[in-house]
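*Asks:*
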Amino acid sequence: MDAIISISQLSKHFNGITVVDNLSFDVQRGEVLGFLGPNGAGKSTTMKMITGFLTPSAGQVLIEGMDMQIYPTAAKRLLGYLPEGAPLYADMTVSQFLHFMADIRQLEGNYKKQRLDYAIDKTHLDTVLHQTIDTLSKGFKRRVGLAQAILHDPAILILDEPTDGLDPNQKQEVRQLLAEIASEKAIIISTHLLEEVDAICTRALIIAGGKLIKDSSPQALRSQSPSGRLDDLFRQLTSEKQTRN
Amino acid sequence: MNIIFSLTKRELVNYFTTPIAYVFIVVFLLLSQAFTFYLGHFFGRNEADLMAFFSFIPWLYVVFIPAITMQSFAQEHKMGTTELLLTLPIATYQVVIAKFIAAWVVSIVALLLTIPLWITVNYLGDPDNGVILAGYMGCLFVSGGFAAVGICLSSLTSNQVIAFVSSVLVCLLFLLCGLPLVLDIFQGFAPLWLLDTISQFSFLTHFASLSKGLLDSRTLVYFVTFIGFWLYANTVILEYKKNAG
């Protein structure tokens with residue numbers, strides 16, 4: 002089966018510092034890929050390159066066979082993206098913001114209404130629709146970010162720490178939502194939370210110092226850990242890498 | 004086109020749901036009328052024209068247009084929404100054009116609110132309305148040119164104060180470059196053709212001919228090229244930032 006996301010030899014240097022180093026991996030439809038790594042490992046930079054926000058120093062990002070550098074608009078149509086920190090237009094109400102995103106995504110008529118209702122329902126935003134975004138709590142803001150990411154029913158979801166700032170119930174709801182839609186999409190989630198990898202990911206990718214150091218299923222990873230715990234293996238792998246660097 | 008319309012609408016929501024546009028419009032109207040009547044001696048001149056009004060407009064625009072445009076990209080950079088915007092399936096130039104149109108619209112609304120002055124002149128005397136119309140067109144061109152400069156410089160920084168001050172300086176430079184104050188600096192060593200070229204860049208020279216009712220095709224070409232150049236430079240800067248992060 003052809004990969005829906007194909008990353009090959011992706012690198013990014015900032016002022017001579019290598020942040021992402023020759024990263025290659027594929028993601029298939031139906032996979033939920035957990036992107037793990039310590040702070041500064043290059044997770045967000047990789048996501049910014051996959052979504053076309055940053056130009057890679059070297060390497061290629063293919064979205065359903067389309068090179069992000071050559072066909073950015075067509076490739077971005079297939080993506081739903083929640084950037085780190087869920088940046089939003091604070092001066093707009095939730096409803097205005099979601100309508101704006103729907104217009105930019107060129108959703109029209111009944112389909113637009115249907116998708117807006119779906120996104121609002123799944124992220125439980127109905128009570129704050131007419132509130133301006135800057136008056137919302139961190140958890141609600143994150144949910145607005147999620148709503149805009151799933152609004153156009155994208156084939157690919159790239160979510161940078163989607164549950165950051167949510168309470169345990171809200172985390173559970175987001176995980177449930179992702180589990181519901183996962184079968185027909187390719188999802189990449191970056192997270193610090195290893196429990197999240199266990200809960201929703203079908204595959205985990207650990208990076209440190211910009212390099213890929215492990216690519217496996219959460220179960221297989223756990224079996225490699227002497228204690229049977231993912232966080233012990235994560236600490237062992239990433240601290241080895243940091244020591245070597 | 005729909006995308007540019009949606010983006011422009013969002014920008015206008017930002018201007019008109021926050022006090023920015025209202026403060027701009029009210030202060031602009033107050034100052035332009037105060038200058039016209041007190042410094043320009045509107046009644047004392049005893050002539051049925053709007054020269055007393057038009058002569059101050061470019062000077063007011065030097066400060067007021069950068070005040071509108073300073074937040075256009077700088078605020079997006081600061082809030083992190085540039086990432087949201089530039090990972091949508093839209094071309095960078097569409098974002099630039101939308102921001103330009105929105106800023107220009109705010110200045111046009113302010114200008115339209117000065118029309119009672121035009122009506123007053125017609126009530127009191129028998130002015131040449133063609134000349135006045137040309138003057139208003141000159142105001143549109145100058146505000147468009149300054150808006151293009153301001154938006155471009157705002158894309159270079161996340162600090163609105165820097166965006167404002169640098170835009171005021173560049174706008175002032177283009178306003179003054181036809182005056183002896185600037186030309187005298189080059190007088191000693193520069194050849195005549197260079198002096199001519201520099202003075203051709205002056206907004207004041209082009210605006211003066213328009214406000215006298217002389218609609219020259221060179222003036223039109225100058226302003227259109229000027230605006231096009233700055234919008235193009237703006238797009239290039241945003242594309243370049245994708246490399247630098």
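Top line first, the protein sequences correspond to chains A and B.
With my numbering applied, the first sequence corresponds to residues 2 to 246, in that order.
With my numbering applied, the second sequence corresponds to residues 4 to 248, in that order.
Glycine included, every Cβ here is placed at the ideal spot set by N, Cα and C.
Bear in mind that the values here come from a model prediction, so they are computed numbers and not experimental data.
(1) Check the Cβ of B/I230 against every Cβ in chain A and list those closer than 8 Å, keeping chain order.
(2) Taking just the CA atoms, how far does A/T124 sit from A/N1?
(3) Using alpha carbons as the reference points, say which of A/A59, A/K113, A/D104, A/F141 lies closest to A/Q171.
(4) Can you give me the C-alpha to C-alpha distance between A/N246 and A/G210, rounded to a whole angstrom?
(5) What's the C-alpha gap between A/E197 and A/D154?
(6) Should A/I190 be labelled buried (16 or more other beta-carbon atoms within 10 Å of its own) or exposed?
(7) Give a yes or no on whether the C-beta atoms belonging to A/I208 and A/T47 are separated by under 9 Å.
(8) Would you say A/M67 reaches chain B, if we count a Cβ-Cβ gap shorter than 9 Å as a contact?
(9) To the nearest angstrom, how far is it from the Cα of A/F98 to the Cα of B/L182?
(10) Apply the 10 Å Cβ neighbour rule to B/T200 and answer buried if 16 or more other Cβ atoms are within range, or exposed otherwise.
(11) Could you please tell me which residues of the segment 79 to 92 of chain B, in chain order, have their CB closer than 7 Å to any CB of chain A?
(12) Between which two residues does the beta strand (DSSP E) harbouring A/H14 extend?
(13) Please state whether the Cβ-Cβ distance between A/I18 and A/A187 is less than 9 Å.
(14) Assess contact between the segment 84 to 93 of chain B and the segment 134 to 144 of chain B, defined as three or more Cβ pairs (one per stretch) separated by less than 8 Å. Is contact present?
(15) Consult DSSP for A/N246 and reduce its assignment to one of helix, strand or coil.
(16) Alpha helix (DSSP H) containing B/S205: first to last residue?
(17) Should the segment 26 to 34 of chain B be regarded as contacting the segment 100 to 114 of chain B, the criterion being three or more beta carbon pairs within less than 8 Å?
(18) Per DSSP, which one or two residues make a beta bridge with A/A87?
(19) From A/L152 to A/L11, what does the alpha carbon distance come to, in whole angstroms?
(20) Using a Cβ-Cβ cut-off of 9 Å, state whether B/L10 counts as contacting chain A.
(21) Is the beta carbon of A/E162 less than 9 Å from the beta carbon of A/T203?
(22) Quick one, which residues of the segment 49 to 81 of chain A are near chain B if we go by CB-CB under 9 Å, in chain order?
(23) If you draw a straight line from the alpha carbon of B/F226 to that of A/D92, how long is it in whole angstroms?
(24) Does the beta carbon of A/L11 come closer than 9 Å to any beta carbon on chain B?
(25) So is A/T128 buried or exposed if we call it buried at 16+ other beta carbons inside 10 Å?
(26) Kindly indicate which residue of B/G147, B/W121, B/L197 has the alpha-carbon position closest to the one of B/L103.
(27) Taking the straight line between their C-alpha atoms, what separation do you get for B/L184 and B/F57?
(28) Can you check whether the C-beta of A/Y90 is within less than 9 Å of a C-beta belonging to chain B?
(29) In chain order, what are the residue ranges of uninterrupted alpha helix (DSSP H) at least 4 long that sit wholly in the segment 131 to 207 of chain A?
(30) Hey, is A/N246's beta-carbon within less than 9 Å of any beta-carbon in chain B?
(31) Note down the Cα distance separating A/T94 from B/S9, rounded to an integer number of angstroms.
(32) Check whether the segment 232 to 241 of chain B and the segment 39 to 54 of chain A touch, using three or more Cβ-Cβ pairs below 8 Å as the test.
(33) Terminal residues of the continuous alpha helix (DSSP H) containing B/G231?
(34) Report the residue from B/S75, B/T117, B/K81, B/A94 whose alpha carbon sits nearest the alpha carbon of B/V53.
(35) Distance, Cα to Cα, B/S202 vs B/F149?
*Replies:* According to the structure shown:
(1) In chain order: nothing, as chain A lies at least about 24 Å away.
(2) No answer is possible for residue 1 of chain A: the residues shown for chain A start at 2 and end at 246.
(3) Distance check between A/Q171 and each of A/A59, A/K113, A/D104, A/F141 places A/F141 closest, using alpha-carbon atoms only.
(4) Summary for A/N246: the model assigns pLDDT 49, below 50, so the residue's position carries little reliability; its value from the coordinates is reported in the next sentence. Each residue's Cα considered, the two are about 8 Å apart.
(5) When rounded, the separation of the alpha-carbon atoms in A/E197 and A/D154 is 23 Å.
(6) Flag for A/I190 reads buried.
(7) Result yes, Cβ atoms of A/I208 and A/T47 sit closer than 9 Å.
(8) No, its Cβ sits nowhere closer than 9 Å to a Cβ of chain B.
(9) Taking the straight line joining both Cα atoms gives about 47 Å.
(10) So B/T200 counts as exposed.
(11) Shown in chain order are the members of the segment 79 to 92 of chain B whose Cβ falls below 7 Å from a Cβ of chain A: M82, G83, T84, E86, L87, L89, T90, L91, P92.
(12) For A/H14, the uninterrupted beta strand (DSSP E) run begins and ends at 6 to 15, by DSSP.
(13) No, the pair does not count as a contact, with Cβ atoms beyond the cut-off.
(14) The segment 84 to 93 of chain B vs the segment 134 to 144 of chain B: no contact.
(15) In this predicted model, A/N246 has a pLDDT of only 49, less than 50, meaning its place in the structure is not dependable; the value taken from the coordinates is given anyway. Coil, per DSSP.
(16) That residue, B/S205, is in no alpha helix (DSSP H); it is neither H nor E in DSSP.
(17) Flag = yes, the segment 26 to 34 of chain B and the segment 100 to 114 of chain B touch.
(18) DSSP, once it has assigned bridges, lists no residue as partnering A/A87.
(19) Straight-line Cα distance between these residues: approximately 29 Å.
(20) At least one chain A Cβ lies under 9 Å of B/L10.
(21) At least 9 Å separates the beta-carbon of A/E162 from that of A/T203.
(22) Of all residues in the segment 49 to 81 of chain A, only K49, T52, G53, F54, L55, T56, S58, P73, T74, A75, A76, K77, R78, L79, L80 place a beta-carbon less than 9 Å from a beta-carbon of chain B.
(23) Roughly 33 Å separates the two Cα atoms.
(24) No, A/L11 does not count as interfacial toward chain B.
(25) Around the Cβ of A/T128, a 10 Å sphere holds fewer than 16 other Cβ atoms; the residue is exposed.
(26) Inspection of the sequence shows that residue 103 of chain B is occupied by Phe rather than by Leu. Comparing alpha carbon positions, the residue from B/G147, B/W121, B/L197 closest to B/F103 is B/G147.
(27) The alpha-carbon atoms of B/L184 and B/F57 are separated by roughly 21 Å.
(28) Interface residue, yes.
(29) Listed in chain order, they are 139 to 151, 169 to 182, 195 to 201.
(30) Because A/N246 carries a pLDDT of 49, less than 50, the predicted location of this residue cannot be relied on, and the following value inherits that uncertainty. Not one chain B Cβ lies under 9 Å of A/N246.
(31) C-alpha separation (whole angstroms): 16 Å.
(32) The segment 39 to 54 of chain A and the segment 232 to 241 of chain B do not touch, with fewer than three beta-carbon pairs separated by less than 8 Å.
(33) In the DSSP assignment, B/G231 falls within the alpha helix (DSSP H) that extends over 220 to 247.
(34) Before going further, note that residue 53 of chain B is Leu rather than Val in the sequence given. Looking at the Cα atoms, B/T117 is the closest of the given residues.
(35) Going from the Cα of B/S202 to the Cα of B/F149 covers about 17 Å.
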